[in-house]
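With my numbering applied, the sequence shown closes on residue 282, and no number is skipped along the way.
Note that the Cβ used here is the ideal one computed from N, Cα and C, for glycine as well.
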Amino acid sequence: MSLLRIWTDVAAARETLLRRLSADEIEVPERIKGGMRRIFGEELSPEEAVRRILADVRSRGDAAVREWTRRIDGTERERIEVSPDEIAAAKASIAPDLLAALELAASRIRAFHQRQHIPSWIDLEMGGTLGQIVRPLQRVGIYAPGGTAPLPSSLLMAAIPARVAGVAEIVVASPPERATGRVAPITLAAAALAGVDRVFCIGGAQAIGALAYGTASVPRVDKICGPGNLFVTLAKRQVFGAVGIDG
């Protein structure tokens with residue numbers, strides 16, 4: 036039995052491979068539905084589950100973030116923010132060849148975006164004052180996926196352009212690993228190389244809610260960037276308007 040799907044019809048292949056499903060069209064696996072029933076004690080759609088989490092985070096702040104992290108991720112952490120010492124230790128633990136690859140990627144991303152700089156300009160010679168003023172955002176939040184496949188490259192590609200653009204503060208939210216209760220070391224290493232200001236050990240919809248609304252520990256941001264699973268995507272869609280989101 037082949038693990039690869041094979042198409043013999045070009046039209047069918049194009050219809051399948053080139054079609055991008057929206058969040059509403061994604062079929063939720065039974066294991067995810069089962070997990071939601073266990074967490075909420077009832078049958079909920081992903082949209083409603085996310086709505087409840089966001090409302091709770093908006094209402095109760097850090098207490099809600101900790102509770103949903105415990106219920107969903109199965110970990111408990113008194114301090115939501117990752118300390119500078121933990122970030123430095125994580126970077127030091129990365130294999131030299133992998134760290135070199137991250138450093139090379141970071142330097143190339145930085146060089147590319149430095150060439151994209153858009154300057155402000157003012158024209159006083161057309162019967163008035165007209166022009167364009169380009170100002171960076173004050174604070175940006177970046178979601179960095181964790182779990183079985185952390186994406187340090189996504190963190191680099193979101194944080195470095197923000198830093199090049201002059202964003203004053205860049206914060207990252209990334210879920211804890213179940214085995215350690217900590218952010219993946221590779222993610223922390225990427226955060227250090229990108230010049231991120233703060234990292235928070237939270238994931239899922241509760242992380243998006245914390246970034247969008249702010250809590251005692253997590254500052255409210257102007258825009259949220261970065262990929263995530265279905266629940267992160269739905270959460271970003273639901274907080275849009277209270278905060279900017281990417282693409």
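Does DSSP put residue i in a helix, in a strand, or in coil?
| i | result |
| --- | --- |
| SER37 | At SER37, the pLDDT of 40 sits below 50, so the modelled position is not reliable; the number obtained from the coordinates is stated separately. Coil at SER37, not helix or strand. |
| ILE115 | coil |
| ARG150 | coil |
| VAL169 | coil |
| GLY176 | strand |
| ILE88 | helix |
| ILE259 | strand |
| ASP44 | coil |
| GLY96 | coil |
| GLY76 | coil |
| THR104 | helix |
| ALA251 | coil |
| GLU62 | coil |
| GLY244 | helix |
| ARG213 | coil |
| VAL218 | coil |
| ALA226 | helix |
| ILE129 | coil |
| THR268 | helix |
| VAL202 | coil |
Buried or exposed: where does residue i fall if 16 or more other Cβ atoms within 10 Å of its Cβ makes it buried?
| i | result |
| --- | --- |
| MET192 | buried |
| ASP108 | buried |
| MET36 | Any answer about MET36 is weak, because its pLDDT of 34 lies below 50 and its placement is not dependable; what the coordinates show is given next. That one is exposed. |
| LEU38 | Only weak support exists for where LEU38 lies, its pLDDT of 46 falling under 50; the coordinates are left without a value. |
| PRO131 | exposed |
| ARG72 | exposed |
| PHE147 | exposed |
| ARG106 | exposed |
| LEU223 | buried |
| ILE103 | The question names Ile, but residue 103 is Trp in the sequence shown. Looking at its Cβ environment, which holds 16 or more other Cβ atoms inside 10 Å, TRP103 is buried. |
| ARG233 | buried |
| LEU139 | exposed |
| THR250 | buried |
| VAL199 | buried |
| ILE88 | buried |
| ALA124 | exposed |
| PRO211 | buried |
| PRO81 | buried |
| VAL45 | exposed |
When the Cα atoms are used, what is the spatial distance from residue i to residue j?
| i | j | result |
| --- | --- | --- |
| THR183 | PRO262 | 15 Å |
| ASN278 | GLY70 | Per the sequence shown, the amino acid found at residue 278 is Val instead of Asn. Approximately 29 Å, taken between the alpha carbons. |
| HIS152 | LYS68 | 45 Å |
| ARG213 | ALA229 | 25 Å |
| GLU78 | PRO220 | 35 Å |
| ALA98 | VAL218 | 19 Å |
| SER128 | VAL85 | 35 Å |
| VAL63 | ILE74 | 16 Å |
| SER188 | ARG145 | 13 Å |
| GLU111 | ARG101 | 7 Å |
| LEU134 | TYR178 | 21 Å |
| SER209 | ARG93 | 19 Å |
| GLY282 | THR268 | 11 Å |
| ASP91 | ARG49 | 42 Å |
| ALA270 | VAL202 | 23 Å |
| THR43 | THR51 | 12 Å |
| VAL169 | VAL253 | 27 Å |
Just grab the DSSP bridge partners of residue i for me.
| i | result |
| --- | --- |
| ALA208 | TYR178 and PHE235 |
| ASP158 | LEU165 |
| PHE278 | A quick correction: the sequence has Val, not Phe, at residue 278. Paired residue(s): PHE275. |
Flag this pair as touching only if the region 228-243 and the region 154-161 have three or more C-beta atom pairs under 8 Å; answer yes or no. Segments in contact, no.
Three CB pairs or more closer than 8 Å across the region 159-170 and the region 253-268: no
If we count Cβ pairs, one from each stretch, closer than 8 Å, do we get three or more for the region 109-119 versus the region 262-276? no
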